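> Handing you a structure now.
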Amino acid sequence: MESNNEHFRHILLFYFRKGKNAAQAAKKLRDVYGEEALKERQCRNWFDKFRSGDFSLKDEQRSGRPLQADDDQIKAIIELDRHISEREIGEKLKIPKSTIHDHIKRLGFVKKLDIWVPHELKEIHLTKRINACDSHLKRNEFDPFLKRIITGDEKWIVYDNIKRKRSWSKRDEPPQTTSKADIHQKKILLSIWWNWKGVVFFELLPKNRTINTDVYCQQLNKLNAAIKEKRPELVNRKGIIFH
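In the working numbering, the protein residues as written are 242 to 484.
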């Protein structure tokens, strides 16, 4: 396990020196190693260490005797968060993942996929939502804050790019026929922001490009420029609500 961790750190240092950020490096690790890979938070910690000029890949020496795992403690952690991983439990208790694995196996826990069930709100939750909506509507009567809201979303757009050709025919003849080729639908990622007046800014991402921290920051800069151009009344007053 320790050798795996050190191997991951060598990979992180490689991506750091290539100019990648922690999120990109974490994604690369997940793509190859899956659940065994370091979490993005761990990658950020190592990138912070590299940026400080410390390129040591070894764990810091710990004083005292190694901590012992306790079945009851591990069971309590799992029952508190059923989705927690063995690695995260090990980090919390400062115990190797292999030791945690043995304890979990002895406790009789196994990983199973969650089952989808219809989401039904209880009456108390419905009442809270009604009260919140009523409160917002009353507030909007004297403070029209809803007009200051700009919201955004991302959506995969699936489309067929079919091209039909024209051919010469007599006026009294039916059009020429052509066989329909096998169609493989294409898709493109749409990022869009809007307010009560309509769309403020949208962008279609190039093929094979996904949303990450850098792309999202660039989009926010473009959105800011679009707000200044299309919604100057929002720029000239304080309190734009970005939802």
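For each residue, glycine too, the CB sits at the ideal point set by N, CA and C.
This one's a predicted model, so the numbers in the text were calculated from it and none came from an experiment.
Go to residue 477, then tell me how far its beta strand (DSSP E) extends in each direction, as first and last residue.
Here residue 477 belongs to no beta strand (DSSP E), and DSSP marks it neither H nor E.
> At which residues does the alpha helix (DSSP H) containing residue 454 begin and terminate?
454-471 is the extent of the alpha helix (DSSP H) around residue 454.
> Does the count of Cβ pairs from the region 389-403 and the region 426-442 closer than 8 Å reach three?
Counting Cβ pairs under 8 Å, three or more are found: they touch.
> Starting from residue 275, trace the alpha helix (DSSP H) in both directions and tell me its first and last residue.
No alpha helix (DSSP H) contains residue 275, which DSSP labels as neither H nor E.
> Using the three-state DSSP reduction, which class does residue 268 fall into: helix, strand or coil?
Reduced to three states, the DSSP call for residue 268 is helix.
> Under the assumption that residue 390 contacts residue 468 (Cβ atoms under 8 Å), give the Cβ distance between them as a whole number of angstroms.
Wrong, their Cβ atoms sit about 12 Å apart, outside the cutoff.
> Taking 9 Å as the CB-CB cut-off, is residue 404 touching chain B?
Considering every chain present, this structure includes no chain B. It has just one protein chain.
> Just confirm the distance between the C-beta atoms of residue 264 and residue 453, as a whole number of angstroms; I'd bet it's less than 8 Å.
Yes, they are in contact, since the Cβ atoms of residue 264 and residue 453 sit about 6 Å apart, within 8 Å.
> By the three-class DSSP mapping on this structure, what secondary structure does residue 392 have?
Strand.
> Output needed for residue 278: all residues of its chain with C-beta closer than 8 Å, excluding positions within five of it in sequence on either side, in chain order.
Cβ neighbours of residue 278 beyond the five flanking positions: 249, 267, 270 and 271.
> Give me the DSSP bridge partner(s) of residue 428.
Its beta-bridge partners are 399.
> Is the distance from the Cβ of residue 463 to the Cβ of residue 444 below 9 Å?
Their beta carbons are under 9 Å apart, which means residue 463 touches residue 444 by this criterion.
> Tell me whether residue 229 is buried or exposed, calling it buried when 16 or more other Cβ atoms sit within 10 Å of its Cβ.
The structure shown has nothing for residue 229, since the chain only spans 242 to 484.
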